[in-house]
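Note sheet for the following structure.
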Amino acid sequence: MLAFEVENRGYFASHISDRGDAFFAEFGERLAELLIDQDAGELHFHVLVEDDGQIVGRVNLVDVADGSAELGYRIAERWTGRGLATAAVRELCELAAGEYGLKELRAGTNLTNVGSQKVLERTGFVRVGEREYGGRPGIEYVLALGV
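Mapping of the sequence shown onto the UniProt record's numbering: residues 1 to 147, in sequence order.
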C-alpha cells in the first residue's frame, strides 16, 4: 500500500492536497490505527489488486455512522481512463447497501477534478452543494442507497 501511495504521490497531489511527508514516514503506524477502526466498523477499506499482486487503487468508506458514510477513492495514474474507478465505486455502493447496511453515501471532489466528478455522476451520485476539499473549492455529492 505504501508503494502505491509513493508511486502515485505526484499524480494524486495534482488533484487533491498532498498528504505531506509525515504521512509517508508514519505510514505503518497510521495504517495499524486505521485497521483497528475498521475492525470497530468505523470505516471500510478496500484495495484493487492486479493479478500480479500490485495495488492499483483504493476505495474507502470513512466516517461510518447512523447509516451513512463518506466515499473516497484513488486509482493509480497508469490505470485511469479505463473505467476502473467507476466499476469500483459501483461495487462498493452495492457492498455499502447490502453488507454494511448503509442508506446514504456522501462524496466530493474539488472543482478541477473533472474525472472524479464524472465517476460520481455515472454511479448515481447527485450534486447537492459546494464545500472545500483539501483547501480547494469543491462539489459535494450524495447517493441514496437501496432506492
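We put the beta carbon where it would ideally sit given N, CA and C, even for glycine.
Phe125 sits in coil when the DSSP states are folded into three classes, being neither helix nor strand. Residue state for Asp51 is assigned as coil, using DSSP reduced to three classes. In chain order, Glu140 place their CB closer than 6 Å to the CB of Gly129, counting only its own chain and leaving out the 5 sequence neighbours on each side. Distances from the alpha-carbon of Ala69 to those of Asn113, Gln38 and Arg78 put Gln38 closest. Rounded to whole angstroms, the gap between the alpha carbons of His15 and Glu26 is 22 Å. For Ile75, the enclosing beta strand (DSSP E) begins and ends at Ser68 to Ile75. A direct Cα-Cα distance of roughly 15 Å separates Thr123 from Asn60. Scanning Ala40, Ile75, Gly115 and Gly67 for the CA closest to the CA of Glu50 turns up Ile75. Distance from the CA of Phe12 to the CA of His46, rounded to the nearest whole angstrom, comes to 18 Å. Contact check for Leu43 and Ala96: beta-carbon distance about 12 Å, past the 8 Å limit, so the pair fails to qualify. Per DSSP, reduced to three states, the secondary structure at Ile36 is helical.
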